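Here the structure comes first, spelled out in structure tokens, and everything after it is commentary.
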Amino acid sequence: MNFSYYEVYINALRAFSGMGFPYGADEDAAFIIAWLELNNLYGVKLLINTINKIDKKYDGKIKLSKKKLVIDLKKKSVLMKGPGLIDYFSSIIDKEKRIEIVINNCEEPIYFLPLLFKITNKVLFSHLIYVKNKKENFFYSIKKNSVKIGSNSNFEKLKKNQVKIIISKKSDSLKLEKFKQEITNHTIQNNLSKSLKPNSRYWKTLEKIAQRSYVPESLESRLKGAGAKNDND
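Just so we're aligned, residue 0 is where the sequence shown starts under numbering that gives the first Met the number 0, counting upward by one.
Structure, rendered in structure tokens:
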């Protein structure tokens with residue numbers, strides 16, 4: 000099954016609308032899924048595996064404690080909470096210059112990646128770090144027009160479901176050790192020119208959910224579209 004980026008985005012958008020995401024939040028979430036799918040990071044599969052946490056359970060409210068750089072996500076989906084968090088921290092980066100955020104009880108850290116890529120025009124770089132296994136962390140280094148994916152075993156160890164996000168306007172010495180993949184404007188444009196191939200099983204589930212928000216045309220509108228005249232013509 001082959002689809003364009005636009006088709007993936009629109010189906011995801013309709014699915015989020017059908018699951019009760021409000022206007023604006025549905026667009027942010029659809030962008031996350033479509034961007035991951037575009038860059039071979041299995042956005043559609045990730046979404047379907049997340050459904051039970053978000054279907055008719057939208058909660059985008061963010062409560063920052065006095066320790067605003069330590070956030071307990073309480074296992075809520077990043078699809079609901081992530082856009083607001085990244086918007087907030089990117090809005091104060093001019094004042095702070097460098098921000099380190101620790102997010103606890105976060106089960107879907109990769110959903111932050113498209114959001115951090117989206118703000119690269121505002122910052123020098125950002126890092127997304129979380130535990131991959133007992134021996135190493137998963138490390139994303141995000142700069143303008145580039146995402147480098149790998150690991151850095153020398154970085155302080157994080158706990159399970161704990162994420163560190165660094166957003167900065169200053170240079171940083173933290174480097175990747177084991178390079179695995181790079182996303183650039185070139186790879187993105189190349190992927191846009193091709194068809195995306197999400198797993199058919201997950202895609203069918205996505206389409207089924209998207210149909211909830213489908214509003215069929217009335218017979219009258221179809222007749223008008225076919226050239227029928229109304230009483231005022």
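Glycine residues also receive a C-beta, built at the ideal position from the N, C-alpha and C atoms. It should be emphasised that the depicted structure is a prediction, and the values quoted were computed from it without experimental measurement.
Item: Is E219 buried or exposed, if buried means 16 or more other CB atoms sit within 10 Å of its CB?; Value: Confidence at E219 is low in this model, with a pLDDT of 49, below 50, so the placement of that residue should be treated as unreliable; the coordinate-derived value is given next. Exposed: under 16 other Cβ atoms inside 10 Å.
Item: Have a look at the DSSP bridge pairing and note the partners of L114.; Value: None; L114 has no bridge partner.
Item: So, for G83: in the same chain, excluding its five sequence neighbours on each side, which residues have a beta-carbon less than 7 Å away from its beta-carbon?; Value: G59 and I61
Item: Counting beta carbon pairs with one atom in the region 153–169 and one in the region 121–136, are three or more of them shorter than 8 Å?; Value: yes
Item: Looking at the structure shown, is Y129 part of a helix, part of a strand, or coil, going by DSSP?; Value: strand
Item: Pull the bridge partners of V146 from the DSSP assignment, please.; Value: I141 and I182
Item: Roughly how many angstroms separate the alpha carbons of N198 and K143, rounded to a whole number?; Value: 30 Å
Item: Kindly list the residues whose CB is nearer than 6 Å to the CB of S145, restricted to its own chain and excluding five residues on each side of it in sequence; keep chain order.; Value: T183
Item: Go through its chain and collect everything with a Cβ distance to F20's Cβ below 7 Å, but skip five positions before and after it.; Value: A28 and Y57
Item: Which residues in the same chain have their Cβ closer than 6 Å to the Cβ of A24, if we skip the five residues on either side of it in sequence?; Value: G59
Item: What is the C-beta distance between V77 and F116, in whole angstroms, given that I count them as a contact (C-beta under 8 Å)?; Value: Contact doesn't hold; Cβ gap of about 14 Å is too wide.
Item: At what residues does the alpha helix (DSSP H) containing N160 begin and finish?; Value: Careful: N160 lies outside any alpha helix (DSSP H) and carries neither H nor E.
Item: With a CB to CB cut of under 7 Å and the five nearest residues on each side skipped, what residues in its chain are close to L72?; Value: K80, I102, N103, N104 and C105
Item: Can you check which of these residues, E26, F2 and N1, is closest to R13 by C-alpha distance?; Value: E26
Item: Is the beta carbon of L175 closer than 8 Å to that of I128?; Value: no
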